[in-house]
Structures are given as C-alpha cells and as structure tokens.
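Okay, so here's the structure we're looking at.
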C-alpha cells in the first residue's frame, strides 16, 4: 500500500548513529497505525524512495515491505517516538536526495515530505555545463532568478547550454505543473538571463509540466 505526502525527523537505527530523514511523532503515529492494519505487521517496515526521473519534481513512493527483503545496499533505520517504533528502509539511490528531509503528518495535508534537496538536472547530450559561461548562468540563477521565484514556491535548475546561445533549464516547486510556468520561464527568467549574459540569446524549458501537481501560488 502507498500512503503519501512529505517531511522531517531523525533516523537512528540500533546499529548506526547517522541521520537521513526525520520523521515527526505525528507522522510516526500515523504510519504505525497504518502498518498495524496489515497482515504480519510486526515484520513490516516503511520503504521510502524517490521514483521520479532526473530533472522532474521529486515524487515519493511510500510502501510497507517485509524488512528481511531489504537489499544489502538499502539503509535501514529504526524511528521511535512516544513508545512506538518503525523501521524505515531507504534505497541507496534515494539516500542522498532524502538527506535532511522531514516526513510529517497534518490533519489538512496528511503525510507530507519536506525536502531541502532539489532534483538532479537531466543529462542532455551535447550540452555544456562546466565552462565559464555555465558558471555565470548558475551564479545568476542562484543569486537572482531563484530568489525571484521563491515567493511563488518555485525554482529553476540549470541543465546546460549549447553552442547556439541557448540555455536549458527545468522548473520545480510551485512552477512545476502550472499553466503559467511556460510564460514565467519565457517572459521572466529568459528576460533576466538574456539581458545580463550577452552570450545567451534564449532560454528553453525542459520540464515535463504534465506531471506537475503544484499550482503556481498567488
């Protein structure tokens, strides 16, 4: 079964002191209650992984799994709060992207994952992202573009540029899945970058907006 939404809580198993994701007491109580409705509940742990493609907004899969079926490379931690405990299984390829995230539960949103990490940029053949021009674009995105989008709950990620003066970006957060995203990208972000970086003549959006869930916040 797959409950879901996103958040933060410390993870410390009996065999390690490292922390990956924080699970709040409210989220832990909800998850334990859900687990206890399953057959063989005492054998189950929560598997939490990121299933989206690089460049797409993070999508999370939460499911209960028999703990002994965890792969050797999976990270298994025990979360405890208010007398309840739950083992959490995180696949190796999701560990870095879930580092310092929080899994919470609220009455209005249900289970929610709050993740300070951003999706990895997709790899597009033929694009450059490690030269001086890329550094200028990255610096502008970090210093000007993303702060401007932050009030809308959004951000852009630099993917690379080609030899024809085109910069390629993806959009995430509130920008992803929004009917205004394309307009925002072309009319806002492109204007900022083109005006200040002469070598860039246009900006292209590689985001798959059809998979987005978040509206652009007013």
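Residue numbers (my numbering): 4 to 221.
By construction, the Cβ of each residue, glycine as well, lies at the ideal position given by its N, Cα and C atoms.
Nothing here was measured: the structure is a model prediction, and the numbers come from that model.
Using C-beta distances below 8 Å, list every residue in its chain close to residue i, excluding the 5 sequence neighbours before and after it, in chain order.
i	result
residue 206	169, 170, 171, 172, 188, 189, 192, 193, 196 and 197
residue 46	69, 70 and 71
residue 87	31, 32 and 35
residue 43	69
residue 151	191 and 195
Is it true that the CB of residue j sits closer than 8 Å to the CB of residue i?
i	j	result
residue 95	residue 76	yes
residue 146	residue 174	no
residue 100	residue 24	no
residue 52	residue 93	yes
residue 62	residue 54	yes
residue 104	residue 116	yes
residue 50	residue 78	no
residue 38	residue 89	yes
residue 122	residue 83	no
residue 162	residue 127	yes
residue 204	residue 143	no
residue 85	residue 28	yes
residue 91	residue 48	yes
So what's residue i in DSSP terms, helix, strand or just coil?
i	result
residue 44	helix
residue 169	strand
residue 128	coil
residue 175	strand
residue 96	helix
residue 90	strand
residue 62	coil
residue 51	strand
residue 34	helix
residue 27	coil
residue 22	coil
residue 151	helix
residue 104	strand
Who are the near neighbours of residue i in its chain, counting only those whose CB is closer than 6 Å to its CB and skipping five residues on each side?
i	result
residue 201	none
residue 120	100
residue 140	161 and 170
The ligand ADP and residue i: does any heavy atom of the ligand fall closer than 7 Å to the residue's C-beta?
i	result
residue 206	With respect to small molecules bound, the structure shown includes none, and the ligand ADP cannot be examined in it.
Compute the beta-carbon to beta-carbon distance between residue i and residue j, rounded to the nearest angstrom, for a pair I have assumed lies under 8 Å.
i	j	result
residue 108	residue 33	5 Å
What residues in its chain sit with their C-beta under 7 Å from that of residue i, if we drop five residues either side in the sequence?
i	result
residue 136	164 and 202
residue 153	none
residue 133	none
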